[in-house]
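J.: Let me begin by handing over the structure; questions about it come next.
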Amino acid sequence: MSTPTMRAVSQPAFGGPEVLEPVHVPRPEPLPTEVLVRVRAAGVNPVDWKTRSGGGMAGVLGQPPFILGWDVSGVVEEVGFGVTTWKPGDEVYGMPWFPRAAGAYAEYVTAPSRQFARKPATLDHEHAAAVPLAALTAWQALTDTAGVRAGQRVLIHAGAGGVGHLAVQFARHLGAHVVTTARAAKHEWLRKLGADETIDYTTTRFEDAVADVDVVVDLVGDGHDDTSTRSLRVLRRGGLLVAVPSGVSPELAERAEAAGVRATPFLVEPDAPALARIAGLIDQGEVAVEVEDVLPLEQAAEAHRRGEEGRTRGKLVLTV
Ligand SMILES: NC(=O)c1ccc[n+]([C@@H]2O[C@H](COP(=O)([O-])OP(=O)(O)OC[C@H]3O[C@@H](n4cnc5c(N)ncnc54)[C@H](OP(=O)(O)O)[C@@H]3O)[C@@H](O)[C@H]2O)c1
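167 is the number that UniProt numbering gives to position 167 of the sequence shown; each next residue is one higher, with no gaps.
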């Protein structure tokens, strides 16, 4: 009997968006404790295009060909031996396997059953697929890493992006005073999401507009205008910089110590209990998910081109 195949988007080499090509590959089969999920939509994240071109998680994935994508919203098709918590037909979402390959740019993925949570009931698959990686990053950085408490002052760089717009809402939910950077055209929207103060980073140096911050969630990094290094100046003594995109260089660590503040690198991890909690916040109407556009899987290259321009409001999603 021939192995069933599926549609996917793969890449034969590292390179620009043009290396992404539609292919047919064997459909995976779930091992014991895994589920086979029919992917209805796959979220697109900066780590996808960084990895595509040889950065990001390329060191983990190894040499191409490989299938990108970590954000999945879909339907359980089959359960492996021993799985008792899901059944075929259940609607799930997750960020399985990260940072190993999940292969979400495809019709099916297999992954450990406990890396999925029930899809938010109030979202369609396109919106649900926008959530896992971005929301887990925002949630884990604010809660597990920074321990943000009510009344603290939190600065979120790039509040209008995939991670940022969720971080603004989570920080508000945690009771923080939320300050965020974005272009002026996005300020009204960010205030509706819960930002108390907005700074247009294209006209104002943020360090001239905000001080005494307890936690900076930096989603820009030192690669752009020394954002991490400049963020040390706005922290109160003992405050924490979570350097999300580029980590903490030895120079940054030294400067943080000299300034009496802390700086930590961060990498998001699969976390089904957090996804269940986030689904609850979404279904209660506490958190809104912004999807800028939905493209068919075969247009993954176009989604990468647009994402890489760095102006996305919320998320880009591929429908499978
Ligand atoms: N370490 C981890 O675990 C982890 C996890 C998730 C993401 N990340 C990284 O975190 C970064 C953000 O991810 P994302 O998904 O949120 O990206 P994204 O959605 O592509 O971010 C786009 C947003 O960035 C804003 N922006 C660009 N330059 C800015 C600047 N200098 N100051 C303020 N805002 C700026 C843009 O807003 P305007 O149009 O208003 O400029 C746009 O809305 C990426 O580098 C990603 O790789 C790391």
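The beta-carbon is built from N, C-alpha and C at its ideal position, and this holds for glycine as well.
Remember, predicted model here, so these are calculated numbers, not experimental data.
Are there three or more Cβ pairs, one per stretch, closer than 8 angstroms when the region 162 to 172 is compared with the region 129 to 148?
T.: Enough Cβ pairs lie closer than 8 angstroms, so yes.
J.: Relative to ligand 1, is the shortest distance from any of its heavy atoms to the C-beta of Gly239 smaller than 7 angstroms?
T.: Along the sequence shown, one-based indexing puts residue 239 at 239. Incorrect: Gly239 has no Cβ contact closer than 7 angstroms to ligand 1.
J.: In whole angstroms, what separates the C-alpha of Ala135 from that of Ser228?
T.: For this step, residue 135 is matched to residue 135 along the sequence shown. For this step, residue 228 is matched to residue 228 along the sequence shown. Spanning the two alpha carbons is a distance of roughly 21 angstroms.
J.: Going by C-alpha distance, which of Tyr108, Tyr105, Val92 is nearest Gln115?
T.: Sequence index remark: in the sequence shown, residue 115 carries index 115 (1-based). Gln115 has its Cα closest to that of Val92, out of Tyr108, Tyr105, Val92.
J.: Compare the C-alpha of residue 321 against each of Val60, Thr122, Pro30, Thr85 and name the closest.
T.: Here the chain has residues from 1 to 320 only, and residue 321 is not among them.
J.: Closer than 8 angstroms is the cut-off here; do at least three beta carbon pairs connect the region 16 to 25 with the region 110 to 127?
T.: The answer is no - the region 110 to 127 does not touch the region 16 to 25, with fewer than three Cβ pairs under 8 angstroms.
J.: Can you tell me the Cβ-Cβ gap for Ala41 and Glu126, rounded? I've got them flagged as a contact below 8 angstroms.
T.: Here residue 41 refers to the residue found at position 41 when the sequence shown is read from its first residue. Here residue 126 refers to the residue found at position 126 when the sequence shown is read from its first residue. The Cβ separation is near 5 angstroms, so the contact holds.
J.: Ligand 1 heavy atoms versus the CB of His157: any closer than 7 angstroms?
T.: Here residue 157 refers to the residue found at position 157 when the sequence shown is read from its first residue. His157 Cβ: within cutoff of ligand 1.
J.: If we count the other Cβ atoms within 10 Å of its Cβ and call it buried at 16 or more, is Gln152 buried or exposed?
T.: What you label residue 152 is simply residue 152 of the sequence shown in a count that begins at 1. Flag for Gln152 reads buried.
J.: In the DSSP assignment, the alpha helix (DSSP H) including His127 goes from what residue to what residue?
T.: Numbered from its first residue, the sequence shown carries residue 127 at position 127. Counting along the chain, the alpha helix (DSSP H) containing His127 begins and ends at 125 to 129.
J.: Can you tell me whether DSSP reads Lys50 as helix, strand or coil?
T.: On the sequence shown, residue 50 is found 50 positions in, with the first residue counted as 1. It is helical.
J.: Would Thr181 pass as an interface residue toward chain D - the criterion being a Cβ-Cβ separation below 8 angstroms?
T.: The structure shown contains no chain D, having only a single protein chain.
J.: What does the alpha-carbon distance come out to for the pair Ala13 and Lys50?
T.: Numbered from its first residue, the sequence shown carries residue 13 at position 13. Numbered from its first residue, the sequence shown carries residue 50 at position 50. Cα to Cα, the separation comes out at about 13 angstroms.
J.: Only counting the same chain, and skipping five residues up and downstream in sequence, which positions put a Cβ closer than 7 angstroms to that of Val60?
T.: The residue given as residue 60 occupies position 60 in the sequence shown. So the qualifying residues of the chain are Pro99, Arg100.
J.: Measure the C-alpha to C-alpha separation of Pro245 and Gly310 and round it to an integer number of angstroms.
T.: Taking the first residue of the sequence shown as position 1, residue 245 is located at position 245. Taking the first residue of the sequence shown as position 1, residue 310 is located at position 310. Whole-angstrom Cα-Cα distance: 13 angstroms.
J.: At a cut-off of 7 angstroms, would you count Ala182 as near ligand 1, judging by its Cβ distance to the nearest heavy atom?
T.: In the sequence shown, residue 182 corresponds to position 182, counting from 1. Checking every heavy atom of ligand 1 against the Cβ of Ala182, one is found closer than 7 angstroms.
J.: Might you give, ordered along the chain, the residues of its own chain that have their beta carbon closer than 7 angstroms to the beta carbon of Ala184, omitting 5 neighbours on each side?
T.: Taking the sequence shown and counting its residues from 1, one reaches residue 184 at position 184. So the qualifying residues of the chain are Asp200.
J.: Got a sec, what are the start and stop residues for the beta strand (DSSP E) Asp200 sits in?
T.: Taking the first residue of the sequence shown as position 1, residue 200 is located at position 200. Taken as a continuous stretch (DSSP letters only), Asp200 belongs to no beta strand (DSSP E), as it is neither H nor E.
J.: I'd like the span of the alpha helix (DSSP H) that includes His157, first residue to last.
T.: To locate residue 157, count along the sequence shown from 1; it is residue 157. His157 -> no alpha helix (DSSP H), and no H or E assigned at all.
J.: Inspect the CB distances between the region 263 to 275 and the region 284 to 304 and report whether three or more fall short of 8 angstroms.
T.: Contact fails: fewer than three Cβ-Cβ distances are below 8 angstroms.
J.: Using only CA atoms, which one of Asn45, Pro46, Gly56, Leu68 lies nearest to Ala8?
T.: In the sequence shown, counting from the first residue as 1, residue 8 sits at position 8. With distances taken between Cα atoms, Ala8 lies closest to Leu68.
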